[in-house]
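The next block holds one structure in the form of structure tokens; read it before the comments.
Protein chains in written order, with the numbering used here: chain A, 48 to 448; chain G, 48 to 448.
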């Protein structure tokens, strides 16, 4: 394993990069779905727990779109807890006393793995890839993870687990490297990106591209970042991660104290009443937008949303999803959330039907919650029990426990 | 009635204004909810059919957010048919052989009624209002409509009808001027704007404000329009007007012919594969965005979305919606669409429950459709029959037919 090491560039102008991420360096690179060969490839990752002597207790976690490898430790950039600290740790549902947990930053990401912010080795001036970064797919992300897993000396993963775009990677793993894994847990995800999801992604991309500070993707040359566009993209996406009920419960129509639109306070007029903070939900969204800009790269946003849009597991099987899973020996646990309208239960059922038709070993759980898509990141005891129960069941079945 | 006339300014720099709209001019203006007095006020409008001698056959149509008064005639700016040409006309569900139909551009709009693009009479330099336009509410829009109705010599409207934000105006009419109307048909609407709807509106506003061409709202002074921001706002809003199913049916994951991402055509790579047209749904949304910019004013967008966000009928009644309708003699027909997630049936039921508690005369119809919020603008035979049936029923009841 490599900690730090050479070859990884941090561009000082961007506020969201940090000096070093633990990573593996693959000078030989990988051939992408677009037929381009990308080399070198760095895969930044974190691990938790110990790999057993038999090397049979590894769980690969696949992070969601704007997540990263900092699963269960303080994030080096934001200072916040890891995104699944609740789920991963000693005695937790994904128990690091039993399992060796790996999570890597996706290809195309901006937290250490090769992406638009990485240096093009071929360039004389050590330029960054920027928008010349080749178009990547979910399968390309999985290829990079595969290299990391091999590099860590693991022949077979105990499980691959992930939510949202992480769940797409889980599904891609079961189709591309089924022999490399025992179990799969795709959460709050789908075997293809829907027209509505493509539409939302496209609006986010347009918001970024519309920002003059995007500079045709070369903002990193000019010491700026398209902060406004990226912030608008994030605000919109954030709405889709929550349910209408959750927004109503959290914010309702409450007006922010002291804001300009507090009618009863008699300060309803003037320009601020049009543009100041008014409803709490607006203030919340603005915060989500502005804090995101400090940790995420706009070109990564473009690149990764495109990868999601292209995701369609059935496409290589003449549109027959069942054929993608034909003869699989992977054990599946599909999880959806009742109020998730971005990746609704109806689509999860489509996946489960295809798995059943392929006579796969599959269990399906819909968690009742009003918290929407983001529920997989939140405190949902039923969900935790499901994750823990499935992993324990498979572990007992194969004699790991 | 006034056709054309003086005092109405058209700014030549904006591509979406036209020389003349039929309008009524009210030099005395109106006092707004914000306690400012706005004068003068112009109300641009269209009418269809003939006012009866008894002046008892007038239906006021209230248009939705980005609609206007051109209901059933070719739009003078876009050249397209009126937005409810299907519904309004001789022998149509809103039958102009029987009814005199009025529709006015809302206060704050950009199709002739006083709004941010209008001249401030008080300003020496004949400046436009811009972002100094006072904050308006749905009730202020209704006050302007009331003046127009009186101006047309009508003491009592047969009905007030409208969908979406038009439905908010209908509800506001029943509370503010109940003695002025027989019947109310609020369609695909709600008695308050939800947290999720406020959130979507806020993202649209932020997209506009983030556009440097917005120029702090004074773009009209500098010969530019915030086209990119307004386009992004429209693209996002447009998604919310459709259902996931409708998007899937209309576009699915189809790739636009000849686009750069047609993998099978072998042109998957290169910068265009990131940013060119790819999925049909993207191309459609971009068209929606760019065509909107040519007919709508950005400051009107800000002003009117704010008015929607503030809408909460129960607010003046200690949060008791029932109290708002107490003792009403208006006959209600509430209509919702099963796949409308912007103004869902559940909220329509809240409205109907409040009306029932107020012992109002109310019928409620949920139209089964997968076309989402926009269904009220589309060809939905069940919906047409409902509108026609309700109007005919009330007309027969009062001896109008």
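C-beta atoms are modelled at their ideal positions from N, C-alpha and C, and glycine is treated no differently.
All values reported here derive from a predicted model rather than from experimental measurement.
Can you tell me whether residue i is helix, strand or coil according to DSSP?
{"i": "residue 58 of chain A", "result": "Below a pLDDT of 50, predicted positions are generally treated as unreliable, and residue 58 of chain A, at 38, falls in that range; no measurement from the model is reported."}
{"i": "residue 427 of chain G", "result": "coil"}
{"i": "residue 147 of chain A", "result": "strand"}
{"i": "residue 183 of chain A", "result": "coil"}
{"i": "residue 239 of chain A", "result": "strand"}
{"i": "residue 157 of chain G", "result": "coil"}
{"i": "residue 245 of chain A", "result": "helix"}
{"i": "residue 448 of chain A", "result": "coil"}
{"i": "residue 81 of chain A", "result": "coil"}
{"i": "residue 119 of chain G", "result": "coil"}
{"i": "residue 260 of chain G", "result": "helix"}
{"i": "residue 441 of chain G", "result": "helix"}
{"i": "residue 363 of chain G", "result": "helix"}
{"i": "residue 399 of chain A", "result": "helix"}
{"i": "residue 68 of chain A", "result": "coil"}
{"i": "residue 272 of chain A", "result": "coil"}
{"i": "residue 142 of chain G", "result": "strand"}
{"i": "residue 371 of chain A", "result": "helix"}
{"i": "residue 405 of chain G", "result": "coil"}
{"i": "residue 204 of chain A", "result": "strand"}
{"i": "residue 76 of chain A", "result": "coil"}
{"i": "residue 318 of chain A", "result": "A caution first: residue 318 of chain A carries a pLDDT of 37, below 50, which makes its placement in the model too unreliable to give a value."}
{"i": "residue 175 of chain A", "result": "strand"}
{"i": "residue 436 of chain A", "result": "helix"}
{"i": "residue 251 of chain A", "result": "helix"}
For residue i, is the classification buried or exposed, using 16 other Cβ atoms within 10 angstroms of its Cβ as the cut-off for buried?
{"i": "residue 252 of chain G", "result": "buried"}
{"i": "residue 350 of chain A", "result": "buried"}
{"i": "residue 216 of chain A", "result": "buried"}
{"i": "residue 336 of chain G", "result": "buried"}
{"i": "residue 360 of chain A", "result": "buried"}
{"i": "residue 10 of chain G", "result": "Residue 10 of chain G lies beyond the residue range present for chain G, which begins at 48 and ends at 448; the question has no answer from this structure."}
{"i": "residue 426 of chain A", "result": "exposed"}
{"i": "residue 300 of chain A", "result": "buried"}
{"i": "residue 363 of chain A", "result": "exposed"}
{"i": "residue 95 of chain G", "result": "buried"}
{"i": "residue 264 of chain A", "result": "buried"}
{"i": "residue 37 of chain A", "result": "Since the displayed chain A opens at 48 and closes at 448, residue 37 of chain A lies outside it and no answer follows."}
{"i": "residue 348 of chain A", "result": "buried"}
Tell me which residue opens and which closes the beta strand (DSSP E) that residue i is part of.
{"i": "residue 354 of chain A", "result": "Premise fails: residue 354 of chain A lies in the alpha helix (DSSP H), 345–357, not in any beta strand (DSSP E)."}
{"i": "residue 92 of chain A", "result": "88–95"}
{"i": "residue 381 of chain G", "result": "378–384"}
{"i": "residue 411 of chain G", "result": "408–414"}
{"i": "residue 105 of chain A", "result": "105–109"}
Looking at the ligand ATP, does it come within less than 7 angstroms of residue i, judged from the CB to the closest heavy atom?
{"i": "residue 78 of chain G", "result": "Among the ligands in the structure shown, none appear at all, so the ligand ATP cannot be discussed."}
What residue range does the alpha helix (DSSP H) around residue i cover?
{"i": "residue 215 of chain A", "result": "212–223"}
{"i": "residue 231 of chain A", "result": "Per DSSP, residue 231 of chain A belongs to no alpha helix (DSSP H); it is in the beta strand (DSSP E), 228–234."}
{"i": "residue 339 of chain G", "result": "327–340"}
{"i": "residue 295 of chain G", "result": "291–297"}
Could you round the C-beta distance between residue i and residue j to whole angstroms and report it? I think they count as a contact, below 8 angstroms.
{"i": "residue 389 of chain A", "j": "residue 420 of chain A", "result": "4 angstroms"}
{"i": "residue 398 of chain G", "j": "residue 238 of chain G", "result": "5 angstroms"}
{"i": "residue 235 of chain G", "j": "residue 383 of chain G", "result": "6 angstroms"}
{"i": "residue 245 of chain A", "j": "residue 329 of chain G", "result": "7 angstroms"}
{"i": "residue 274 of chain A", "j": "residue 260 of chain A", "result": "7 angstroms"}
{"i": "residue 206 of chain G", "j": "residue 230 of chain G", "result": "4 angstroms"}
{"i": "residue 179 of chain G", "j": "residue 154 of chain G", "result": "Contact flag wrong, Cβ pair sits at about 15 angstroms."}
{"i": "residue 325 of chain G", "j": "residue 302 of chain G", "result": "6 angstroms"}
{"i": "residue 377 of chain A", "j": "residue 225 of chain A", "result": "5 angstroms"}
* To do: Below 8 angstroms between beta carbons is the criterion; list the residues of the segment 267–279 of chain G that meet it against any residue of chain A, in chain order.
  => 275, 276, 278 and 279
* Asked: Going along the segment 226–255 of chain A in order, which residues come within less than 7 angstroms of chain G, judged by CB to CB distance?
  -> 239, 241, 242, 243, 245, 246, 247, 249, 250, 253 and 254
* the segment 328–342 of chain A: which residues have C-beta closer than 8 angstroms to a C-beta of chain G, in chain order? -> 328, 329, 332, 333 and 336
* According to a CB-to-CB cut-off of less than 7 angstroms, which residues of the segment 286–299 of chain A neighbour chain G? -> 286, 291, 294, 295, 298 and 299
* Within 8 angstroms of chain G by C-beta, residues of the segment 356–372 of chain A in sequence order -> 356, 357 and 359
* To do: Compile a chain-ordered list of the residues in the segment 381–401 of chain G whose CB is closer than 8 angstroms to at least one CB of chain A.
  => 388 and 391
* Of the residues that make up the segment 185–200 of chain G, which ones have a beta carbon closer than 9 angstroms to any beta carbon in chain A? -> none
* Using Cβ-Cβ distances below 9 angstroms, what residues of the segment 83–115 of chain G are close to chain A? -> 83
* Asked: Got a sec: which bits of the segment 114–144 of chain A sit with their beta carbon under 9 angstroms from any beta carbon on chain G, in order along the chain?
  -> none
* Selection of the segment 416–439 of chain G by Cβ proximity to chain A, strictly under 8 angstroms -> none
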